[in-house]
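Asker:
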Amino acid sequence: MGEVAGLILAAGKGTRMKSSLPKVLHPVCGLPMAAHVARAMRQSGTGRIVFVIGAGGELVREALCEYGEFAIQPEQLGSGDACRAGMDALADFEGVVLVAPGDAPLATGAVFQAMLDRLESDVAAVLATANMEDPTGYGRILRDDKGVVRIVEEVDASPEEKGIREVCTSFYAFRADALREALPKLGCDNAKGEYYLTDVVSILRESGYRVETAPIRDSELLMGVNDRWQLAIASEAMRRRLLKEIALSGVTIEDPTSTYVDVDVRVGADTVLHPCTVLRGRTVIGERCDIGPAVRIENSTVGDETTILMSHVNEASIGRTCRIGPFANLRPGCKLGEGVKIGNFVEAKNAELDDGVSAAHLTYLGDVHVGPSTNIGAGTITCNYDGFAKHRTEIGAGVFVGSNTTLIAPLTIGEGAIVAAGSVITHDVPPNAMAVGRARQENKEGYAERWRNKKQSERE
Ligand code: UD1
Ligand code: CA
């Protein structure tokens, strides 16, 4: 069969999305739709992948550059014209060309494999077909006793043809030479005035080539996304697929309808995901963790046996056996060791917290390193910003920071030091010292009674 290359058509305007973001960049479970298509193609052994994009498709190019190369379709004259632009980039390629729409994110490697399997030596093209419950919007397959005769687009179909439920899915496998021969013969005499790629099928047949179909039983895999509702439906389907994979690998998902994962999320065995858990980006969760309810974790790693409850974690790395939440906010640059405890209403940013650190309540830790086993009392604030620049706080091992302490950075607190509750600490504390930075308390005997009596007499 020779080499396999791929064309992903991604230059369409996507008008029906009503979006300023190009359609094929709309994410499904964290990955642009067109990137899903490219990944599926790769799984079937495709070598070069070319995305056909529109002029000014810089955003598309940037978002998809790790998945393939690019060909420009200067004007959006239809899917046939897009394919022509793509074939210019594959000018010297001999072999099989897989063509797929950039807006069909649910395709799998198996779909492409099924088409390749049907591409016997005397077949010029294989198109994947599906029987759609509701075929509205798809091109319908017209057959005779020798096979597919042509494809008629929804807008061009007669009422009778609209009743056909076997549809073109825009997934094709072509022999490069046959496709090259057919593309210049495309016309645009149709309801949309566009060059339809679907017309290649009848052109090939008229030239005496054999065209085969690869019927795909699970029509969902070939679903095209043209509007936001279809995007929602596709996202839901992808999410279920991912959750099922994770569950079957040994993870308990209490409520799949309220659990959200992106494609590259990994979760270790015997972890429990409670309702309303959202795991985004490249998040990796360890084994035997307890995550949720109401947790959102983005692009972060979480070690084994860690518990996270009702919290937000973003671009952070959390060690093993930590306890986070409820209501913790770990922002980018946090690096937590083993057995760290972050309790309610604690916010941390760019904070390196070594093993056994505890910040259990009402605290802000920003631009800070805290040594092992140090206790940060309730209401501790690192004042890392003076209105002009950020400053660091360095806290040693085994330090005890009393409640309601204000740490004015830049600042170093030495190992084993104690900071008295309610202190405002403005300069460094040596190791094993006790720092007291607050007004001394004075008790005035009998003053309370005298004060009350005075107030009472004023009222009378
Ligand atoms: C297309 C098929 C239809 C099929 C359906 C499956 C044609 C004419 N029709 O219709 O038979 O049932 O897909 O989902 O092919 N594109 C370009 N440049 C263009 C126009 C389109 O790159 O000038 C790309 C789009 O980005 C998209 C793909 O081609 O990825 C299909 O275009 P779209 O407008 O979505 O076609 P459909 O109406 O969905
Ligand atoms: Ca489409």
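So that you can map any letter, position 266 of the sequence shown is 268 in our numbering, and since no number is skipped, the others follow by simple counting.
We treat Cβ as the ideally placed atom computed from N, Cα and C, and that holds for glycine.
None of the values given here were measured: they were computed from a predicted structure.
So what does DSSP say about residue 205, is it helix, strand or coil?
Answerer: helix
Asker: Would you mind reading off the limits of the beta strand (DSSP E) that contains residue 336?
Answerer: 336-338
Asker: In this structure, what does DSSP give as the bridge partners for residue 195?
Answerer: Bridge partners of residue 195: none, in fact.
Asker: Identify whether residue 20 lies in helix, strand or coil by the three-state DSSP scheme.
Answerer: coil
Asker: Could I get the ranges of all uninterrupted beta strand (DSSP E) runs contained in the stretch 277-321, with 3 residues as the minimum, in chain order?
Answerer: Runs found: 279-282, 297-300, 314-316, 318-320.
Asker: Below 8 Å between beta carbons: does that hold for residue 356 and residue 334?
Answerer: Cβ atoms of residue 356 and residue 334: not closer than 8 Å.
Asker: Near ligand 2, which residues have their beta-carbon closer than 6 Å to a heavy atom?
Answerer: 103, 105, 226, 228
Asker: Just list the alpha helix (DSSP H) runs in the stretch 79-150, keeping only unbroken ones of 4 residues or longer that don't cross its boundaries, in chain order.
Answerer: 81-91, 111-120
Asker: Can you confirm whether the stretch 309-322 touches the stretch 335-342 when touching is taken to mean that 3 or more C-beta pairs between the two stretches lie within less than 8 Å?
Answerer: yes
Asker: Can you find a heavy atom of ligand 1 that lies under 7 Å from the Cβ of residue 83?
Answerer: yes
Asker: Go ahead and label residue 173 buried or exposed: buried means 16 or more other beta carbons lie within 10 angstroms of its beta carbon, across all protein chains shown.
Answerer: buried
Asker: Report whether the distance from the Cβ of residue 188 to the nearest heavy atom of ligand 1 is below 7 Å.
Answerer: no
Asker: Please report the Cβ distance between residue 253 and residue 271, rounded to the nearest whole angstrom; I am assuming they are in contact, meaning their Cβ atoms lie under 8 Å.
Answerer: 7 Å
Asker: Could you tell me which whole alpha helix (DSSP H) segments of length 4 or greater appear in the stretch 329-379?
Answerer: none
Asker: Look at the alpha carbon of residue 279 and the alpha carbon of residue 311, and state the distance between them as a whole number of angstroms.
Answerer: 10 Å
Asker: Measure from the alpha carbon of residue 386 to the alpha carbon of each residue in 379, 403, 408, then state which is nearest.
Answerer: 408
Asker: Which whole-angstrom value is the C-beta distance of residue 296 and residue 218, which I expect to be below 8 Å?
Answerer: The Cβ separation is near 38 Å, so there is no contact.
Asker: Short check: CB of residue 1 to CB of residue 216, under 8 Å?
Answerer: Lying outside 3 to 462, the shown extent of the chain, residue 1 is not represented and no answer is given.
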